[in-house]
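A.B. asks: Numbering (this note's numbering), first residue to last: 192 to 358.
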Amino acid sequence: MRHVKWIFVVLLICSLTAFVEKDKPTGGLSAGDVAPDFKIESTSEKQPLFKLADMKGRYVLLSFWASYDAQSRMRNVSLSNVLRSSHNVEMVSVSFDEYESIFEETIRKDQIVTPTCFVETEGEDSGLFKKYRLNRGFTNYLLDGNGVIIAKNISAADLSAYIKKIC
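1) Check for me: the alpha helix (DSSP H) holding A348 runs from which residue to which?
2) What three-state label does DSSP hand F229 in the structure shown?
3) With a Cβ-Cβ cutoff of 8 Å, do A257 and F287 count as a contact?
4) With burial defined as no fewer than 16 other Cβ atoms inside 10 Å of the residue's Cβ, what is the status of G318: buried or exposed?
5) Leaving out five residues before and five after G338 in sequence, what residues of the same chain have Cβ atoms less than 6 Å from its Cβ?
6) Just to confirm my understanding: we take R264, look at its own chain, exclude 5 residues before and 5 after, and list those with CB closer than 8 Å. What are they?
7) Residues in its own chain within less than 7 Å of R249 by CB, not counting five upstream and five downstream?
8) Can you look up A222 in the DSSP assignment and give me helix, strand or coil?
9) Kindly indicate the opening and closing residues of the beta strand (DSSP E) around I340.
10) What residue range is occupied by the uninterrupted beta strand (DSSP E) comprising M282?
11) Hey, is A226's beta-carbon within less than 8 Å of any beta-carbon in chain B?
12) In three-state terms, what does DSSP make of F320?
13) By DSSP, does C267 sit in helix, in strand, or in coil?
14) Classify T330 as buried or exposed, calling it buried when 16 or more other Cβ atoms lie within 10 Å of its own Cβ.
15) Is it buried or exposed for A209, if we count other Cβ within 10 angstroms and need 16 for buried?
16) Look at the Cβ atom of I354, then the Cβ atom of S277, and state whether they are nearer than 8 Å.
17) For L325, name the three-state secondary structure that DSSP assigns.
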């Protein structure tokens, strides 16, 4: 009988711990935070060094993804498709692929046609990955004209709704 009580206590503690873990944020920044500024080199010689601060005054969708992460890649494609007809939101797409050739093949296959599509070849070891605290996967952030995050992990449908509101 004494062992049954201890088993019950252990099960109760395990279930409470699982519940608390489930509600923990997945890392990264949250709505209301100011997006940290960053600079990133382009793979194209025609494109200059990109600085997030240069986008001040415009709505920006920051999309962090990698070709090996199917979910982030699909989300990146659907968001890019929504923004093809929008002139109110600029997409800045950053891949954390370690090989530039894989990145280039992926954006070709996925038909990502944004002039602000970059690759961070240091992958998850890059300063940008750490600055945005992307330790538990890839995400996207919708920024207002002041660089404040107004949405995180936005879907294509929600992005369409935001675009209609800001027009």
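C-beta atoms are modelled at their ideal positions from N, C-alpha and C, and glycine is treated no differently.
C.D. replies: So, from the data block:
1) 347 to 357
2) Of the three classes helix, strand and coil, the one that applies to F229 here is coil, per DSSP.
3) yes
4) exposed
5) V225, A226
6) W256, A257, S258, T297, D301
7) E281, G336
8) coil
9) 340 to 343
10) 280 to 286
11) In the displayed structure, chain B is absent; only one protein chain is listed.
12) helix
13) The residue asked about is misnamed: residue 267 is Asn in this sequence, not Cys. Looking at N267 - three-state DSSP - the assignment turns out to be helix.
14) buried
15) Model confidence at A209 stands at a pLDDT of 47, short of 50, so the residue's coordinates are unreliable; what they give is reported in the following sentence. With fewer than 16 other Cβ atoms within 10 Å, it is exposed.
16) yes
17) coil
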